[in-house]
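Residues 1065 to 1388 in the numbering used here are what the sequence shown lists, from first letter to last.
By construction, the Cβ of each residue, glycine as well, lies at the ideal position given by its N, Cα and C atoms.
Fair warning: this is a prediction, and the values are worked out from it, not measured in the lab.
Contents: one structure, followed by commentary.
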Amino acid sequence: MNFALIGAAGYIAPRHIKAIAETSNSLIVAHDISDSVGRLDNYFPDAEFFTDRRDFFAFYRDCRSSGHRLDFTSICTPNHTHASLSKESLRLGTDVICEKPLALSVAELESLMKVENETGHKVYNILQLRLHDSIAALRRRIGRESADRVHDVDLTYITSRGKWYHASWKGDIEKSGGIATNIGVHFYDMLQWVFGSVRRSVVHVMTPDTVAGYLELDKARVRYFLSINASTLPAAVREEGKRTWRTLSIDGEEFEFSDGFTDLHTESYRRILAGEGFRIGEAIGCIDTVEGIRSAKAVGLVGDWHPLASQLSEAHLAHGVSMI
1065 MNFALIGAAG YIAPRHIKAI AETSNSLIVA HDISDSVGRL DNYFPDAEFF TDRRDFFAFY
1125 RDCRSSGHRL DFTSICTPNH THASLSKESL RLGTDVICEK PLALSVAELE SLMKVENETG
1185 HKVYNILQLR LHDSIAALRR RIGRESADRV HDVDLTYITS RGKWYHASWK GDIEKSGGIA
1245 TNIGVHFYDM LQWVFGSVRR SVVHVMTPDT VAGYLELDKA RVRYFLSINA STLPAAVREE
1305 GKRTWRTLSI DGEEFEFSDG FTDLHTESYR RILAGEGFRI GEAIGCIDTV EGIRSAKAVG
1365 LVGDWHPLAS QLSEAHLAHG VSMI
């Protein structure tokens, strides 16, 4: 298969470039507004490259008129551009593999599905946590339990970021969707894939760098805490010099899934190319969840909140309990 890639200089692009190579396919052309794309030399030194989007899409059209085939477009750009670039790629005659989040709203997903139907081409979403062996095994285990069994789950994900984060598109809620979307959407998808649909959502804390709340799923009561603020790390974690901490506990027992992430993008590509990828409809649950969190009014520490939320300083909370 012949691939085009948009967002070649971005953080996640190397995983896509590697996946294209490891599935024995070809990257024909790449685009980014930044020219810091020496990473292309590792696998595809002969790929065409454009910093101007008009030139990039002109190359697309030239390929079609000359009879050369482009089969897929991989999209690794800022969140708010995913839906529009997916539509443009569909209309130019390729299928699409898009990074998370596929869109920032359910309405955008529905619009994207209409373009799929119009063009006959398909959009696939990277939902790699569903391919993690431990998570897939957990889903099978939960599926074997009685229908009325409900678990207590705590999700904590802290990945420290510097001041650059807020100065970039990631710090703009209109472009990134906020913390819940930008660093949490895969986790919300994973939780619903394992424990079922969201019945109730409460946001306890929402600041520009932290979101904490409660989700009631078909088979789980979930307290979550997501943050890019290093000061929210537990003291023991900070003392070890770590800047990232991820933990998931189920009924008080730690669920370990720290390893096994290395090749999940390549496995995602393998399944997509085999016709087994995750389509737009698979993303509706997690996008609906993060869209709801983004538009919610934070209620403060009322009800069943995540333990780390109670450790936030008054100054931190005063920085913005709610972004709405």
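Given residue i, which residues of its chain have a CB within under 8 Å of its CB, disregarding the five upstream and five downstream residues?
i, result
"Gly1344", "The amino acid occupying residue 1344 in the given sequence is Ile; Gly does not appear at that position. Taken in chain order, the residues that qualify are Leu1166, Leu1173, Leu1176, Met1177, Glu1180, Val1187 and Asn1189."
"His1268", "Ala1276, Gly1277, Tyr1278, Ala1362, Val1363, Gly1364, Leu1365, Val1366, Gly1367, Trp1369, His1370 and Ala1373"
"Leu1312", "Val1217, Asp1218, Leu1219, Thr1220, Glu1318, Phe1319 and Phe1321"
Given a cut-off of 8 Å, decide if residue j and residue i are closer than it, judged by their beta-carbon atoms.
i, j, result
"Gly1241", "Arg1358", "yes"
"His1080", "Ser1153", "no"
"Ala1122", "Val1093", "no"
"Asp1282", "Gly1248", "no"
"His1370", "Arg1287", "yes"
"His1095", "Ile1070", "yes"
"Ala1336", "Ile1161", "Sequence inspection shows Ile at residue 1336; the Ala mentioned does not correspond to that position. Closer than 8 Å, so yes."
"Ala1073", "Ser1098", "yes"
"Ala1294", "Ser1210", "no"
"Gly1349", "Asp1253", "yes"
"Tyr1124", "Leu1156", "yes"
Mapping the DSSP letters down to three states, classify residue i as helix, strand or coil.
i, result
"Arg1307", "coil"
"Phe1121", "helix"
"Cys1140", "coil"
"Leu1281", "strand"
"Glu1317", "strand"
"Ile1247", "coil"
"Val1214", "coil"
"His1080", "helix"
"Met1270", "strand"
"Ile1070", "strand"
"Ser1265", "strand"
"Tyr1107", "coil"
"Leu1255", "helix"
"Glu1112", "strand"
"Asp1126", "helix"
Ordered along the chain, which non-local residues of its own chain (more than five positions away) have a Cβ less than 6 Å from that of residue i?
i, result
"Asp1194", "Contrary to the premise, residue 1194 reads as Arg rather than Asp in this sequence. Excluding residues within five positions, the ones whose Cβ falls inside 6 Å are Trp1257."
"Ala1347", "Leu1166 and Asn1189"
"Ala1083", "His1329, Thr1330 and Tyr1333"
"Gly1341", "Tyr1188 and Arg1335"
Rounded to whole angstroms, what is the Cα-Cα separation between residue i and residue j?
i, j, result
"Thr1141", "Gly1339", "24 Å"
"Asp1105", "Leu1149", "25 Å"
"Thr1158", "His1196", "28 Å"
"Ile1199", "Thr1330", "17 Å"
"Thr1115", "Ile1237", "26 Å"
"Pro1078", "Glu1320", "26 Å"
"Gly1305", "Ile1292", "16 Å"
"Arg1285", "Arg1334", "34 Å"
"Arg1204", "Cys1127", "45 Å"
"Leu1168", "Glu1355", "7 Å"
"Glu1317", "Leu1202", "13 Å"
"Ser1100", "Gly1235", "22 Å"
"His1230", "Glu1163", "21 Å"
"Gln1375", "Gly1226", "21 Å"
Of the choices the options, whose alpha-carbon is the least far from that of residue i?
i, options, result
"Gly1184", "Ser1210, Ala1231, Asp1135 and Arg1203", "Asp1135"
"Ser1232", "His1144, Gly1305 and Ala1294", "His1144"
"Asn1089", "Gly1349, Phe1108 and Thr1311", "Phe1108"
"Ile1270", "Asp1253, Thr1245 and Glu1280", "Before going on, a small fix: residue 1270 reads as Met here, not Ile. Minimum Cα distance to Met1270 is reached at Thr1245."
"Thr1087", "Thr1353, Asp1327, Ala1147 and Ser1210", "Asp1327"
"Ser1265", "Tyr1124, Ala1360, Thr1274 and Met1065", "Ala1360"
"Phe1289", "Lys1234, Ile1243 and Glu1280", "Ile1243"
Would you please verify whether the beta carbon of residue i is less than 8 Å from any beta carbon of chain D?
i, result
"Ala1171", "The structure shown contains no chain D, having only a single protein chain."
In its own chain, which residues sit with a C-beta less than 7 Å from the C-beta of residue i, not counting the 5 before and 5 after it?
i, result
"Phe1251", "Leu1219 and Tyr1221"
"Val1301", "Trp1309"
"Asp1216", "Arg1285 and Asp1315"
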